[in-house]
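Visitor:
Residue numbers (the numbering used here): 13 to 267.
1) Helix, strand or coil, according to DSSP, for residue 193 in the structure here?
2) Is DSSP giving residue 202 helix, strand or coil here?
3) With 16 as the cutoff for other CB atoms within 10 Å, does residue 223 come out buried or exposed?
4) Over the uninterrupted alpha helix (DSSP H) stretch that includes residue 129, give me the two end residues.
5) With H, G and I counted as helix, E and B as strand and the rest as coil, what does DSSP make of residue 86?
6) Which two residues bound the contiguous alpha helix (DSSP H) that contains residue 155?
7) Note down, in chain order, each residue of its chain lying with its Cβ closer than 7 Å to the Cβ of residue 48, except the 5 sequence neighbours on either side.
8) Going along the chain, which residues of its own chain have a beta-carbon closer than 6 Å to the beta-carbon of residue 225, five neighbours each way excluded?
9) Using alpha carbons as the reference points, say which of 38, 53, 82 and 40 lies closest to residue 192.
10) Taking contact to mean 3 or more Cβ pairs, one atom from each stretch, closer than 8 Å, check whether the stretch 129-140 and the stretch 148-156 are in contact.
11) Taking C-beta to C-beta, are residue 148 and residue 232 nearer than 9 Å?
12) Cα separation between residue 179 and residue 170?
13) Report the three-state DSSP secondary structure of residue 225 (helix, strand or coil).
14) Who are the near neighbours of residue 33 in its chain, counting only those whose CB is closer than 7 Å to its CB and skipping five residues on each side?
15) Can you give me the start and stop residues for the alpha helix (DSSP H) that residue 66 sits inside?
16) Mind reading off the beta-carbon distance from residue 234 to residue 60? Whole number of angstroms is fine, and I expect it under 8 Å.
17) Residue 39 by DSSP, collapsed to three states: which one?
18) Measuring CA to CA, which of 209, 119 and 127 is closest to residue 229?
19) Please state whether the Cβ-Cβ distance between residue 289 and residue 58 is less than 9 Å.
20) With a threshold of 8 Å, are at least 3 pairs of Cβ atoms found where one atom belongs to the stretch 121-131 and the other to the stretch 89-104?
21) Between residue 160 and residue 108, is the Cβ-Cβ spacing less than 9 Å?
22) Go to residue 210, then tell me how far its alpha helix (DSSP H) extends in each direction, as first and last residue.
23) Once you ignore the five residues that flank residue 83 on each side, which residues in its own chain have a CB closer than 8 Å to its CB?
24) Taking only the alpha-carbon atoms, compute the straight-line gap between residue 41 and residue 92 and give it to the nearest angstrom.
25) With distances taken from CA atoms, which of 55, 43 and 177 is nearest residue 219?
26) Can you tell me whether residue 73 is buried or exposed, with buried defined as 16 or more other CB within 10 angstroms of its CB?
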């Protein structure tokens, strides 16, 4: 398995393109850029839950479970919020296997479109939480479980640029981690006066936009073209050079 030259790269893009069409040279860059954006805004939402807790308490989430309704915050209310987070993170890990099977069967394009749509739906449902308590749980589950499925569908996109696989993979992993700050940003908007429902109705546009972006993703996971690599080529870079390369440092830092 080796690095693809320009002709192999063009053939790879042609195989990923729909039948009878040719993907422009900038197509691969747009695919990677859209994948980075989608990972940054969707994939790790559940892990930013703690930043959202004050806003949930302000709107009275699960306050009906308090024995003394005159209390602003009670133990039962906190337990419900903690249980919602625990259930979501548990299902998130359990969903890894079926989501991987879904990706193998339907490819990155269908997987990205489907789960981005689920996150948009989750935002819509979550926004109804102040009116229907169950909406908090259902909406948060949809947002939390769907995110990593989108991330998994983008992992092969680094192969579109064989010489920068490490850099692209590190960017995707970093965006997955950074996406936990999304809820902190939304909480800031709510602190500034935007209502809970308005905030999530507005944010719903982002995953909906990502679903449209995913419509241009490859239909199947991207693979490197096979190529014989000589021993001289393999020994061309020393271990020291590899360890100090930008790709290796970024991947090590974000892993």
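No residue lacks a Cβ here, since even glycine has one placed at the ideal position from N, Cα and C. Owing to the predicted nature of the structure, the values given are computational and were not obtained by experimental measurement.
Guide: According to the structure shown:
1) helix
2) helix
3) buried
4) 108-138
5) coil
6) 145-166
7) 183, 184 and 187
8) 46
9) 53
10) yes
11) no
12) 8 Å
13) helix
14) Only weak support is given to the placement of residue 33: the predicted model assigns it a pLDDT of 43, under 50, and the value that follows is read from those uncertain coordinates. Excluding residues within five positions, none has a Cβ falling inside 7 Å.
15) 61-70
16) 29 Å between Cβ atoms; not a contact.
17) helix
18) 119
19) Residue 289 falls outside the range modelled here, since the chain spans only 13 to 267, and no answer is possible.
20) no
21) yes
22) 208-215
23) none
24) 44 Å
25) 55
26) buried
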